[in-house]
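Novice: Residue numbers (UniProt numbering): 1 to 183.
Beta carbons are placed, not taken as given, at the ideal position from N, Cα and C, and that holds for glycine.
I have a structure I would like to understand better, so I am pasting it below and will then ask my questions one at a time.
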Amino acid sequence: MRADAVRNRGVLLEVALDAFTHEKDVTLGAIAKKAGVGIGTLYRHFPTREALIEAVYRTELDKLCAAAPELLETNEPEAALREWMNLFIAYIATKQDLKDALQAVIALGINPFEHSRAKMTAAVETLLTAMGAQAEPMDVMTLLIGVAQNGDPAQAKRMLDLIMDGIRHGAAARTAPPASAPR
Numbered sequence: 001m002r003a004d005a006v007r008n009r010g011v012l013l014e015v016a017l018d019a020f021t022h023e024k025d026v027t028l029g030a031i032a033k034k035a036g037v038g039i040g041t042l043y044r045h046f047p048t049r050e051a052l053i054e055a056v057y058r059t060e061l062d063k064l065c066a067a068a069p070e071l072l073e074t075n076e077p078e079a080a081l082r083e084w085m086n087l088f089i090a091y092i093a094t095k096q097d098l099k100d101a102l103q104a105v106i107a108l109g110i111n112p113f114e115h116s117r118a119k120m121t122a123a124v125e126t127l128l129t130a131m132g133a134q135a136e137p138m139d140v141m142t143l144l145i146g147v148a149q150n151g152d153p154a155q156a157k158r159m160l161d162l163i164m165d166g167i168r169h170g171a172a173a174r175t176a177p178p179a180s181a182p183r
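Below is the structure:
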């Protein structure tokens, strides 16, 4: 794609994310206008409303998964994992905000979540491996989903701290010498 086409696609996805999470019945024309492009440009990139919704969801998923190695480049593994957990919580909130729009995609027989689990599990595994933790990525993901659905930011922070403590403790327990049995 030409540079302007890449830029237009990116702007359309950003505007569509905001629109689909805040306006239930937003039109594609309104999205194109807010993005500063014509409706033809929108349709060249996304031939249907559902294609745009699916692209918005997949873009958010890709950003989340790409964040794992990026965070490891600039942070210690433990800090990278904790920051990624915060991003995951925000991602789940966005996914909830897109729920109505995603249901329209699913109703057409399209599965936007087809590769989500594998991608997220790989991201978590990358972070856990870098930290030297041997926790199961799906166990961590399941815990994170529970935290994300809570809705109380203060409690979510405390719960993420507990998850990190558990991961740290599990890693430390595997490296510590076995304790002698009580008599």
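Taking its Cβ as the centre, do 16 or more other Cβ atoms sit within 10 Å of VAL6, making it buried, or is it exposed?
Specialist: To locate residue 6, count along the sequence shown from 1; it is residue 6. Label assigned to VAL6: exposed.
Novice: Is there contact between the stretch 91-107 and the stretch 154-162, where contact requires at least three CB pairs shorter than 8 Å?
Specialist: Result no; under three Cβ-Cβ pairs closer than 8 Å.
Novice: Measuring alpha carbon to alpha carbon, tell me which of LYS63, VAL124 and ALA35 ends up nearest LEU81.
Specialist: Along the sequence shown, one-based indexing puts residue 81 at 81. It is VAL124.
Novice: Taking contact to mean 3 or more Cβ pairs, one atom from each stretch, closer than 8 Å, check whether the stretch 124-139 and the stretch 74-89 are in contact.
Specialist: Yes: the two stretches touch, three or more of their Cβ pairs being nearer than 8 Å.
Novice: Going by DSSP, what residue range makes up the alpha helix (DSSP H) through GLY146?
Specialist: Translated into positions along the sequence shown, residue 146 becomes position 146. Start and end: 137-148.
Novice: In terms of residue numbering, what span does the alpha helix (DSSP H) encompassing ASN75 cover?
Specialist: Counted from its first residue, the sequence shown places residue 75 at position 75. Taken as a continuous stretch (DSSP letters only), ASN75 belongs to no alpha helix (DSSP H), as it is neither H nor E.
Novice: Helix, strand or coil for LEU98? Go by DSSP, reduced to three states.
Specialist: Indexing the sequence shown from 1 puts residue 98 at position 98. Coil, per DSSP.
Novice: Please look up how many angstroms separate the CB atoms of LEU87 and ALA67, rounded, as I've assumed it's under 8 Å.
Specialist: Here residue 87 refers to the residue found at position 87 of the sequence shown. Here residue 67 refers to the residue found at position 67 of the sequence shown. The Cβ separation is near 5 Å, so the contact holds.
Novice: Please return the same chain residues whose Cβ sits closer than 7 Å to the Cβ of GLY29, not counting the five positions on each side in sequence.
Specialist: In the sequence shown, residue 29 corresponds to position 29, counting from 1. Closer than 7 Å at the Cβ level, and outside the excluded window around GLY29, lie ILE39.
Novice: Under 7 Å between the Cβ atoms of LEU64 and LEU42?
Specialist: Start at 1 with the first residue of the sequence shown, and residue 64 comes out as number 64. Start at 1 with the first residue of the sequence shown, and residue 42 comes out as number 42. No.
Novice: To the nearest angstrom, how far is it from the Cα of MET131 to the Cα of MET164?
Specialist: On the sequence shown, position 131 is the one that residue 131 refers to. On the sequence shown, position 164 is the one that residue 164 refers to. Distance between the alpha carbons of MET131 and MET164: 11 Å.
Novice: Are there 16 or more other CB atoms within 10 angstroms of the CB of PRO69, so buried, or fewer, so exposed?
Specialist: Locating residue 69 in the sequence shown gives position 69, counting from the first residue. Exposed, since its Cβ has fewer than 16 Cβ neighbours within 10 Å.
Novice: Rounded to whole angstroms, what's the CA-CA distance from LEU61 to ILE145? Just pull it up for me.
Specialist: Against the sequence shown, residue 61 aligns to sequence position 61. Against the sequence shown, residue 145 aligns to sequence position 145. Spanning the two alpha carbons is a distance of roughly 14 Å.
Novice: Where does ASP152 sit, in a helix, a strand or coil, going by DSSP?
Specialist: For the purposes of this step, residue 152 is taken as the residue at position 152 of the sequence shown. If DSSP states are grouped into helix, strand and coil, ASP152 belongs with coil.
Novice: Closer than 8 Å by C-beta to THR94: which residues in its own chain qualify, once you throw out the five before and the five after it? Chain order, please.
Specialist: Looking up residue 94 in the sequence shown gives position 94. Only LEU17, THR21 and GLU60 meet the Cβ criterion.
Novice: Around the Cβ of PRO112, are there at least 16 other Cβ atoms within 10 angstroms (buried) or fewer (exposed)?
Specialist: Along the sequence shown, one-based indexing puts residue 112 at 112. Burial call: buried.
Novice: In angstroms with no decimal places, state the Cα-to-Cα distance between LYS99 and ALA3.
Specialist: As a first step, residue 99 must be located in the sequence shown, where it is residue number 99. As a first step, residue 3 must be located in the sequence shown, where it is residue number 3. Distance between the alpha carbons of LYS99 and ALA3 is about 32 Å.
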